[in-house]
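Visitor:
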Amino acid sequence: MSIYNDILDQQGGNHRAAGDLHEVLWSRLLAKEDPRFHNVRLAGGDGGVDGIIVTDPALGNVTVFQAKFFKNITQKANRDAILESFTRAHNHGFTVSEWVLLVPVPLSTKEIDWLSSGELQRHAGARLDISRKCRLDQCVVKYREGSELERLAERNLTVTADLLPKSAKALQKIIATERRLKTRLQLEIVDRLRTINEDIIRQRKIETVRAQSALKALRKGWADHTLMLDQTRRENAAPGLVQEYTRDFMEFIRQRLDLAFMTEGLCEGISVKLSEIFATTFHLSAAAGRAQIPNMKAEKATMWKLLGTLLDQCREFDIELAKAVGKFV
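Residue 197 in the numbering used here is what sits at position 197 of the sequence shown, and the numbering runs on without skipping anything.
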């Protein structure tokens with residue numbers, strides 16, 4: 001129960017605050033384990049959903065994760081809370097193919113037997129309308145307990161130290177390079193892709209026509225930006241102009257992050273490629289800024305090298321999108 005105590009101690013014994021921290025810790029660590037994981041904040045509460053993995057965007061099938069900061073699940077109040085969350089999870093527009101309970105402690109045989117007894121499905125079945133009730137038979141109930149949370153925390157010490165600075169794990173070796181700007185930037189990009197609201201969840205049933213439109217929308221403007229990058233390099237533009245352009249380009253990319261996530265199943269790896277382009281653009285902008293400082297000639301060389309890399313990435317990205325669009329013609 002050490003991870004349970006670490007979380008509770010971090011929040012000064014406040015169980016409600018500890019529950020929020022427990023959810024965040026699971027979310028950050030699960031995202032490290034599987035980039036498809038998305039933390040979810042639905043209007044009016046969590047709605048029985050703390051996180052999801054979209055397993056089939058076309059059919060709207062998802063794996064739902066629900067975090068509960070309970071010391072055990074034998075008490076009636078705790079079981080009632082679990083039953084209510086399970087029922088709410090099935091009251092949305094998507095189909096829950098798996099429902100995973102996340103707890104900070106090991107589960108006993110008795111507790112595991114209760115989860116697999118079918119009581120969750122019976123409870124939900126008595127409260128859902130018939131259209132949602134029929135989905136219950138397709139849902140598999142699973143759990144991840146404290147030992148797995150401990151293992152994930154030890155494998156991702158940067159996340160653990162950030163969220164549990166008072167714990168013993170925070171004193172373990174933290175690789176210095178994981179604290180550098182590039183890593184923080186990559187985490188920020190993943191967080192952006194992870195952020196998803198209820199409206200986006202309801203749009204998971206992507207039809208072929210909508211998929212083609214999304215791909216075309218994602219591709220729109222890339223040829224112009226690629227041409228501008230090439231012109232900037234050929235004309236040996238001043239660092240100030242390079243920095244101004246890259247700032248505009250980063251905003252252009254940000255506007256397409258959600259589209260990249262939505263089309264990931266139609267063009268594998270597209271969101272990762274867009275993230276890499278964003279990271280390169282960010283570092284190019286920083287190098288261009290430093291290149292404007294007197295006696296920083298080396299930074300100017302770095303700037304041109306990054307510009308060449310960015311140009312190659314954009315061309316490759318546009319080619320991949322063109323191939324994906326062609327599949328639906």
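Backbone N, C-alpha and C fix where the C-beta goes; we use that ideal spot for every residue, glycine too.
If you drop the 5 nearest sequence neighbours on each side, which residues of the same chain put their C-beta closer than 8 Å to that of LEU274?
Guide: Around LEU274: ILE253, ARG256, LEU257, ALA260, PHE317.
Visitor: Kindly indicate which three-state DSSP category ASP129 falls into: helix, strand or coil?
Guide: Here ASP129 sits in coil by DSSP.
Visitor: Looking at THR263 and ALA287, is the spacing between their C-beta atoms short of 7 Å?
Guide: Result no, Cβ atoms of ALA287 and THR263 do not sit closer than 7 Å.
Visitor: Shortest alpha-carbon distance to SER97 belongs to which of GLY118, ILE53, ASP129, ASN78?
Guide: Ranking GLY118, ILE53, ASP129, ASN78 by Cα distance to SER97 puts ILE53 first.
Visitor: What number of angstroms, rounded off, separates the C-alpha of THR95 from the C-alpha of LEU306?
Guide: Between THR95 and LEU306, the C-alpha separation is close to 44 Å.
Visitor: Can you tell me whether DSSP reads ILE319 as helix, strand or coil?
Guide: ILE319 falls in the helix class under three-state DSSP.
Visitor: Quick check on GLU154: buried or exposed, where buried means 16 or more other Cβ atoms within 10 Å of its Cβ?
Guide: Exposed, by the Cβ-count rule.
Visitor: Could you give the DSSP three-state label for HIS90: helix, strand or coil?
Guide: If DSSP states are grouped into helix, strand and coil, HIS90 belongs with coil.
Visitor: Going by CA-CA distance only, name the one from ASP6, VAL141, ALA81 that's closest to GLY48.
Guide: Selected option, being the one with the closest Cα: ALA81.
Visitor: Go ahead and pull the three-state DSSP assignment for ILE112.
Guide: Reduced to three states, the DSSP call for ILE112 is helix.
Visitor: Residues in the same chain with beta-carbon distance under 8 Å from MET250, minus the five sequence neighbours each way, listed in chain order, please.
Guide: So the list reads PHE278, THR281, PHE282, SER285, once near-sequence residues are dropped.
Visitor: Quick one: residues in its chain with C-beta nearer than 8 Å to the C-beta of ARG135, no 5 flanking neighbours on either side, listed in chain order?
Guide: Excluding residues within five positions, the ones whose Cβ falls inside 8 Å are HIS90, THR95, VAL96.
Visitor: Under a Cβ-count criterion, where at least 16 other Cβ atoms within 10 Å of its own Cβ denotes burial, should VAL140 be classed as buried or exposed?
Guide: The residue in question, VAL140, is exposed, as its Cβ has fewer than 16 Cβ neighbours within 10 Å.
Visitor: Leaving out the 5 sequence neighbours to the left and right, which residues in its chain are closer than 7 Å to GLN11 when beta-carbon positions are compared?
Guide: The residues are ALA17, ALA18, LEU21.
Visitor: In whole angstroms, what is the alpha-carbon distance linking LEU218 and PRO165?
Guide: Spanning the two alpha carbons is a distance of roughly 40 Å.
Visitor: Starting from TYR143, follow its DSSP beta bridges and name the residues at the other end.
Guide: LEU101, per the DSSP bridge assignment.
Visitor: Please report the residue range of the beta strand (DSSP E) in which ASP56 lies.
Guide: Note, ASP56: beta strand (DSSP E), 51–56.
Visitor: Suppose the cutoff is 6 Å on Cβ atoms and the five residues either side in sequence are ignored; what does the same chain contact list for GLY44 look like?
Guide: Confidence in GLY44 is poor, its pLDDT being 48 and thus under 50, which makes the residue's placement unreliable; the coordinate value appears in the next sentence. Excluding sequence neighbours, GLY44 sits near nothing in its chain.
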